[in-house]
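Residues 7 to 289 (the working numbering) are what the sequence shown spells out, left to right.
Note that beta-carbon positions come from the ideal geometry of N, C-alpha and C, so glycine has one too.
Scroll down for the structure; my scribbles are underneath it.
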Amino acid sequence: MYTRKTLFAIAIFLVLYTGAQAQFYYLDILNTKQTEENQANYKNAKVVSQIVASFDAEGRKTDYDFRSERDFSDNYRQLLTVTASVATGRSIMRTYFNNKGHLTKIIDSTRSIITTTIYTYDKYDSSHNIKEIYVKTEDPGNKYTISETRRYVYDSLNRPTRMIHFRGEKLGDSTTVKFVLDSAGHVVEEQETGKGKIYYKYNDQGLLTDIYRYYPSKQKMLPDYVFDYDAKNRIGATTTVNAQTRDYVIYRNTYNEMNLLEGQDVYGKQKVQVGVVRYKYKF
């Protein structure tokens, strides 16, 4: 059984690194769109900077807390995020957007590790779908570099049908990720060569509600993520699940009158509150 302090440490880790273990369609397509929408919302609200801070359930600071500051510049084409905590250290992330508000590059420096992600679009395609994502992770001190390329293919209606996943700089080392669409054009299945299927479920408004898969060790389908929405179709709560340990963390969101995220109440197993995350803005 985890203590509240340990559960909150897990929760903070997930806040910082949720995307790292996400599925391709969720990470590359949906998360990218959400990042672009958030940036557009900050621009419309004329946000100059954002400060994010976490506390325990009673609102007190602990060694597991983190503080993050985001500064917007170059007419919202650049975003600098500096995050620090006793538990995880300090990281700096620079995010770049083009004139149309599309994500083009992220440079993430955590300790001695530098990860660069480059997003490429087809300039002749009015849908602005992601054509390719190139990721390179470097550890200069240990002279260690790994890279991968994810190249997306779409049908005539600009819906993703497959992704070619290249590992390293050799284009011959690749696998294919296939996407299955439902009658409404939503991706409902994702499967990489030699791996299990990932399933996506949506509500009547076409909003993603569940990402789940079959776990052989449990012999049943279990969710990785569950999303709930408020009356304005904003994400009201996100549940991240560890199917192996049966632990989960719930983030319940609150928003201000400008539709900006104002806070998150963090809950662990048995829905016991383990922490809070608060957002402040400068305009």
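So, is residue i buried or exposed, given that buried needs 16 or more other C-beta atoms within 10 angstroms?
i, result
"Tyr273", "buried"
"Tyr130", "exposed"
"Gly212", "exposed"
"Gln29", "buried"
"Tyr31", "buried"
"Ile152", "exposed"
"Phe289", "exposed"
"Gly281", "buried"
"Gln225", "exposed"
"Tyr150", "exposed"
Could you round the C-beta distance between residue i and residue j to whole angstroms and report it? I think they count as a contact, below 8 Å.
i, j, result
"Ala93", "Asp62", "13 Å between Cβ atoms; not a contact."
"Gly107", "Ala46", "6 Å"
"His171", "Glu198", "7 Å"
"Ser55", "Arg83", "Rounded, the Cβ-Cβ distance is 16 Å, inconsistent with contact."
Which of helix, strand or coil does DSSP assign to residue i?
i, result
"Thr94", "coil"
"Lys184", "strand"
"Thr68", "coil"
"Lys224", "coil"
"Gln276", "helix"
"Asn248", "strand"
"Phe172", "strand"
"Leu214", "strand"
"Leu36", "helix"
"Phe289", "coil"
"Gly147", "helix"
"Ala237", "coil"
"Ala51", "helix"
"Asn262", "coil"
"Tyr82", "coil"
"Met7", "Summary for Met7: the model assigns pLDDT 43, below 50, so the residue's position carries little reliability, and this model does not support an answer."
"Val282", "strand"
Would a C-beta distance cut-off of 7 Å place residue i and residue j closer than the cut-off?
i, j, result
"Ile136", "Thr122", "no"
"Arg165", "Thr182", "no"
"Val247", "Pro229", "yes"
"Arg173", "Glu195", "no"
"Ala243", "Arg258", "yes"
"Arg284", "Ala59", "yes"
"Arg117", "Gly95", "yes"
"Val193", "Asp216", "no"
"Tyr125", "Thr110", "yes"
Flag residue i as yes if its beta-carbon sits less than 7 Å from any beta-carbon of chain C, otherwise no.
i, result
"Ile170", "This model lacks chain C altogether, as it is built from one protein chain only."
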